[in-house]
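In our numbering, the protein residues as written are 16 to 465.
Cβ atoms here follow ideal geometry from the backbone N, Cα and C, with glycine treated the same way.
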Ligand SMILES: Cc1ncc(COP(=O)(O)O)c(C=O)c1O
């Protein structure tokens with residue numbers, strides 16, 4: 016692996032310019048020290064000081080194919096030589112082929128795609144289309160969700176990243192999540208929230224089902240804690256939607272493209288949404304890209320209407336070419352199958368880790384999409400750090416992530432959940448390497464646990 020030469024001067028210059036001129040996402044600028052990264056390959060990236068890090072987060076759970084995949088890099092170069100960019104109004108080979116591939120890969124009769132620059136824009140267009148199609152204005156979203164940072168997507172978002180953007184767009188109403196470990200309804204059997212239908216039906220009764228255009232869900236919740244819906248949940252939601260003429264939008268920006276061990280997470284439960292939103296793993300972010308894929312009836316409906324939506328870079332040539340190459344590589348290298356197989360390893364190994372560490376309250380996930388939920392007390396389930404913790408309150412988890420980084424493991428932590436979401440191309444040896452470091456640093460969390 017071509018780890019770069021140590022270059023302290025370059026690192027210093029990158030750091031200084033970054034500090035002076037760059038505004039970073041979701042951060043207090045003066046409290047962050049972004050790591051200058053010199054390069055990456057496969058499951059690793061490295062800094063200018065000769066340190067190499069195993070990427071257990073695929074950056075923002077997007078580099079699913081791994082870093083610098085030669086086939087995707089070659090496709091971008093080849094496309095750049097031929098045609099770097101062209102307006103969205105023309106037809107071009109890379110976009111046509113990608114749209115065909117999405118129709119082939121996505122479940123059911125999802126067939127027509129609108130391409131965006133990322134996940135938020137895919138969700139914006141999904142709710143716009145749902146409102147237009149149904150003639151209704153309300154959208155049901157959940158609390159433990161993230162749908163992006165643009166005006167509509169951040170209003171759909173349930174987590175506190177929404178607060179600074181409020182009051183947001185009108186018409187978004189919220190339902191509770193099937194978070195069985197911390198069920199908001201106290202989880203009676205049968206649970207009205209975790210089985211899906213009773214809670215949604217009740218909410219629709221209060222809102223008026225004929226005012227609701229769509230329900231939007233992350234099929235498996237990502238940053239808000241890797242919440243896997245209980246079997247039967249999605250199907251029940253689908254049935255309620257069908258009963259009331261409400262569209263189901265599944266946001267698989269994070270969960271899609273093999274992350275859960277299937278091409279699309281909704282396939283675990285045989286549910287086809289009316290609109291599927293995608294980004295991240297579609298091309299691992301080599302060039303920004305997202306998509307909204309719609310079912311045949313919606314596609315037929317929209318064909319003779321004026322679609323009032325657009326982006327200068329809708330279906331950007333380089334982005335589409337990289338996605339086509341990435342999908343080809345996924346198929347040939349059986350990357351989704353690798354995600355499923357190593358997901359089985361995590362399903363065995365993480366409960367063993369939980370046996371050794373009293374700070375682990377719950378482990379859950381599918382494929383290479385797992386969360387390790389940390390607690391102070393397994394009986395009371397008091398979280399290791401409080402909901403929406405930051406600064407000193409978040410220190411016990413931040414300390415763990417820092418200790419992991421010092422040992423060469425890059426982790427994505429969100430409040431009291433450690434995510435395990437490496438590139439789907441990871442090998443068993445690399446997975447074991449990461450789990451060994453995690454095992455070691457969990458001792459720090461155990462210091463706070465009863
Ligand atoms: C589930 C989900 N939806 C939407 C988004 C927004 O995607 P983007 O940042 O590409 O706009 C994200 C980003 O993390 C996400 O996880």
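For residue 445, the Cβ stays outside the 7 Å cut-off from all heavy atoms of ligand 1.
A check of alpha carbon separations from residue 193 across 249, 145, 462, 176 identifies 249 as the nearest. The beta-carbon distance between residue 189 and residue 156, rounded to whole angstroms, is 6 Å. This is short enough to meet the 8 Å contact definition. In the three-state scheme derived from DSSP, where H, G and I count as helix and E and B as strand, residue 147 is classed as helix.
Residue 50 and residue 62 have their C-alpha atoms roughly 7 Å apart. Fewer than three pairs of CB atoms, one per stretch, sit closer than 8 Å, so the region 119 to 127 makes no contact with the region 191 to 211. If you draw a straight line from the Cα of residue 76 to the Cα of residue 134, it comes to about 12 Å. Under the three-state reduction of DSSP output, residue 285 falls in the coil class, being neither helix nor strand.
Distance from the Cα of residue 218 is smallest, within the candidate group 191, 169, 238, for 191. Taking C-alpha positions only, residue 132 is separated from residue 328 by approximately 7 Å. For residue 127, the CB stays at least 7 Å from every heavy atom of ligand 1.
The beta carbon of residue 332 lies closer than 8 Å to those of 94, 98, 99, 100, 101, 107, 109, 110 in the same chain, with the five residues before and after it left out. Restricted to the region 297 to 381, the beta strand (DSSP E) segments that are unbroken, complete and at least 3 residues in length are 305 to 310, 375 to 381, listed in chain order.
Residue 462 carries a coil assignment under DSSP once its states are collapsed to helix, strand and coil. For residue 330, the closest C-alpha among the options 58, 112, 57 is that of 112. Annotated three-state conformation of residue 194 is coil, per DSSP.
The Cβ-Cβ distance between residue 307 and residue 290 falls below 8 Å. DSSP places residue 233 in no alpha helix (DSSP H) but in the uninterrupted beta strand (DSSP E) bounded by 227 to 233. Taking 7 Å as the cut-off, one finds no heavy atom of ligand 1 near enough to the beta carbon of residue 180.
Residue 47 and residue 341 have their C-alpha atoms roughly 33 Å apart. Under the three-state reduction of DSSP output, residue 425 falls in the strand class.
Take the alpha-carbon of residue 79 and the one of residue 337: they are about 13 Å apart. Note: residue 106 is not bridge-paired with any residue in the DSSP secondary-structure output. Around the CB of residue 115, fewer than 16 other CB atoms lie within 10 Å, so the residue is classed as exposed. Here residue 304 is not near residue 267, since their CB atoms are 8 Å or more apart. Judged by DSSP in its simplified three-state form, residue 158 adopts coil rather than helix or strand. One thing to note: residue 296 has its Cβ no nearer than 8 Å to the Cβ of residue 382. A residue is called buried when at least 16 other Cβ atoms come within 10 angstroms of its Cβ; residue 455 does not meet this threshold and is exposed. Under the three-state reduction of DSSP, residue 131 is assigned to strand.
Here residue 127 has 309, 314 as same chain residues with Cβ atoms under 6 Å from its own Cβ, once five neighbours each way along the sequence are excluded.
Put simply, the backbone Cα of residue 223 is about 46 Å away from that of residue 70.
Contact annotation, residue 375 with residue 389: C-beta distance approximately 6 Å; criterion of less than 8 Å satisfied.
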